[in-house]
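A.B. asks: So the sequence shown is residues 1 to 158, counted in this note's numbering.
Cβ coordinates follow ideal geometry from the N, Cα and C atoms, glycine included.
If you're wondering where the values come from, they're calculated on a predicted model, not measured in any experiment.
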Amino acid sequence: EYLRFLQLLAESPRQELIASSDVDLVWHEHLMDTENYAADCRRLFGRYLHHRRARTPEELSAIPASYTRTKRVYAERFGTRPPSRFWGQTTTAASMCGGGSSVDPYTSPAPGPSVSQQGSNNTNTQLPASSTAAAAPRSLTLWALLPALAMAAVARAH
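1) Are the stretch 11 to 23 and the stretch 58 to 72 in contact at 8 angstroms, needing three or more beta carbon pairs?
2) With three or more beta-carbon pairs closer than 8 angstroms as the criterion, would you say the stretch 3 to 11 touches the stretch 47 to 63?
3) Between the alpha carbons of threonine 107 and glutamate 1, how many angstroms are there, rounded?
4) Can you tell which of Ala75, Arg81, Ser66 has the C-alpha that lies nearest to the C-alpha of arginine 14?
5) Counting only runs of 4+ residues fully inside the stretch 46 to 79, write out the alpha helix (DSSP H) ranges in chain order.
6) What residue range is occupied by the uninterrupted alpha helix (DSSP H) comprising glutamate 206?
7) Between valine 23 and phenylalanine 78, is the Cβ-Cβ spacing less than 8 angstroms?
8) By the 10 Å Cβ neighbour count, where 16 or more other Cβ atoms means buried, how is threonine 60 classified, buried or exposed?
9) Rounded to a whole number of angstroms, what is the C-alpha to C-alpha distance between serine 102 and glutamate 58?
10) Given a cut-off of 8 angstroms, decide if proline 64 and tyrosine 74 are closer than it, judged by their beta-carbon atoms.
11) Nearest to arginine 42 by alpha carbon, out of Ala54, Leu6, Val26, Thr91?
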């Protein structure tokens, strides 16, 4: 469902689409793995898909109508209504999403973290490669979280 939502965002750049509560949780986990999220967006959709929070009273009041629109767009695109166990009548997500941008905030890797070695005058020593995030499997957080979210949704349905 998360990947379907991202596909809708990528295909609907001029519409405000709203994630379901469950989809928004998965999205937040994927976003926290910033470098891999950016790479996944480029690979799957050709551009970075932005996420932003509704902050003003006007934005917050627009969520119910935008959520209804999102479910309608989903049904049109995929030929079936969104599964109610993931897409209930309402959402607690406060995400206002506008389909994507060609501007990618992660086009080049950030410099590795540095630490100060005790007793050394060199305060810019790079950490060993094995201790950096680059050593982690791609999108491990996202894929590790999906089964837990699916089980939680099934438990709520019963």
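C.D. replies: Put simply:
1) Between the stretch 11 to 23 and the stretch 58 to 72 there are three or more C-beta pairs closer than 8 angstroms, enough to call the two in contact.
2) Touching, yes.
3) In this prediction, threonine 107 has a pLDDT of 44, which is less than 50 and means its spatial position is unreliable; nothing more can be read from the coordinates.
4) Looking at the Cα atoms, Ser66 is the closest of the given residues.
5) Here the runs fully enclosed are 57 to 78.
6) Residue 206 is absent from the model: the chain starts at 1 and stops at 158.
7) For valine 23 and phenylalanine 78, no; Cβs fall outside 8 angstroms.
8) Per the sequence presented here, residue 60 reads as leucine, with threonine not at that position. An exposed status is given to leucine 60, since fewer than 16 other beta-carbon atoms sit within 10 Å of its beta-carbon.
9) Low confidence applies to serine 102: its pLDDT is 42, below 50, so where it sits in the model is not reliable, and the reading given next is rough at best. Rounded to whole angstroms, serine 102 to glutamate 58 spans 27 angstroms at the Cα level.
10) No. Outside cutoff.
11) If we check each option's Cα against that of arginine 42, Leu6 comes out closest.
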